[in-house]
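Sequential numbering of the sequence shown, starting at 47, is according to the working numbering. Every residue gets a Cβ at the ideal spot worked out from N, C-alpha and C, and that includes glycine.
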Amino acid sequence: MSQPIKTAISSFGLSGQAFHGPSLKVNPGFEVVQVLERSKNLSRQLFPDASIVRDFNEITNNPAIELVVVNTPDYLHYEMVKQAINAGKHVVVEKPVAQKSAEAEELLQLAKNKGVVFTVYQNRRLDGDFLTVKKILEQRNLGRLVEFESHFDRYRTYITPDTWKEEGDEYIGVLHNLGSHMVDQAFVLFGKPVSVNANLKIVRTGGNVADYYDIRLEYKTFSAILKCSYLVMDPGPRYSLYGECGTFHKWGIDPQEDVLRAGKLPQGTDWGKEPENMWGKLTYEKDGLRFEGKVETLPGNYPFFYDNLFDVIRNGKELLVKPEETVEVLKILEACLESNRRKKTIVL
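What follows is the structure in structure tokens.
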């Protein structure tokens with residue numbers, strides 16, 4: 047087997063503890079040798095042999111490091127990714143890749159010039175419910191798609207104190223947080239829309255950044271509706287697909303994040319599986335036959351992101367999340383901001 051890829055993680059907050067850290071821990075293709083923590087030593091528990099550093103320069107100046115995971119606050123992504131690429135490191139950056147598409151395009155070109163692998167951690171492509179939706183669309187039992195609707199709703203009446211996610215300009219808020227995932231999913235399924243119409247607002251008392259959006263992506267023959275609100279106590283379906291021949295509804299959220307937050311590692315034959323009471327309902331009538339019943343949710347698989355990245359770096363395979371795609375996602379998010387500001391539909 048090839049030598050493990052020597053890796054550094056550039057922060058160890060939620061994303062380091064619950065997403066990148068666990069997947070890297072169970073993958074023999076990677077060796078985490080450095081972790082950046084400004085003041086704490088939380089990574090000791092997961093990576094006892096890794097050195098903890100207090101300055102990002104210690105990572106980019108370390109010739110042994112091959113891969114840098116940039117999982118810091120959004121507004122730091124551009125400069126840190128740029129520094130890591132210039133140092134000749136492969137880079138994984140949390141979504142969104144940068145705050146503006148022009149910055150993302152610059153980083154993409156720089157990575158090409160330096161000959162390094164550059165990708166974005168879009169783990170929601172590996173949610174079990176999303177993988178199931180993708181398969182249902184591929185099977186075409188719903189017939190011609192009329193409308194696609196996706197929700198990522200939460201119930202949080204409080205404002206979390208002392209966090210960058212609750213203060214800032216229009217690039218801080220739920221659009222670039224959860225919206226980065228949802229627009230990416232729509233782009234994976236359907237490609238670039240013809241036009242975008244978006245409504246963003248603050249719904250929580252005392253809120254300072256957008257915590258609600260209603261995005262309408264128009265395609266030639268159907269609409270994709272993406273919605274999120276922080277004030278939904280009893281959510282409806284996570285996904286609804288309406289076709290000429292039938293309908294699919296899926297409730298609930300992929301269980302992987304909750305299990306990872308509880309401190310479990312992503313391994314074992316049951317990883318990513320949902321209980322039967324969370325399976326979606328498919329109803330369709332086609333060629334004189336009617337079907338109505340549950341559809342078993344495909345297992346979610348966050349660890350596959352790093353399985354794929356190892357194959358890309360060591361074996362030259364194709365990236366799961368191409369940076370060119372994430373640039374297009376950022377352009378759609380920018381169109382959402384423009385639509386909200388101008389209160390009109392934006393043609394792409």
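- Secondary structure at Glu195: strand, using DSSP grouped into helix, strand and coil.
- Note that the C-beta distance between Val78 and Phe93 is below 7 angstroms.
- Three or more Cβ pairs closer than 8 angstroms define a contact, and the segment 166-182 meets that threshold against the segment 335-352.
- Gly292 carries a strand assignment under DSSP once its states are collapsed to helix, strand and coil.
- Tyr265 is a Cβ neighbour of Pro239, given a cutoff of 7 angstroms.
- For Ala270, the uninterrupted beta strand (DSSP E) run begins and ends at Ser269 to Ser275, by DSSP.
- Cα atoms of Glu370 and Gly309: separation of roughly 33 angstroms, rounded to the nearest angstrom.
- Here DSSP, grouped into helix, strand and coil, assigns Ile218 to coil.
- For Ile111, the closest C-alpha among the options Arg284, Gln80 and Glu384 is that of Gln80.
- Here Leu172 is not near Asn386, since their CB atoms are 7 angstroms or more apart.
- Restricting attention to Gln155, Met126 and Leu263, the CA atom closest to the CA of Val115 is found in Met126.
- The alpha-carbon of Leu394 is positioned some 17 angstroms away from that of Asn245.
- Taking the Cβ atoms as the reference, Val220 lies roughly 5 angstroms from Asp257, within the contact range of under 8 angstroms.
- For the segment 343-392, the continuous alpha helix (DSSP H) assignments of 4+ residues that do not extend past its boundaries occur at 350-361 and 369-388, in sequence order.
- For the set Lys363, Phe164 and Leu365, the Cα lying nearest the Cα of Ala130 is the one of Phe164.
- Ranked by Cα distance from Leu344, the first of Glu331, Lys332, Asp333 and Glu322 is Glu322.
- The segment 60-125 contains, as complete beta strand (DSSP E) runs of 3+ residues, the segments 76-82, 97-99 and 113-116 (chain order).
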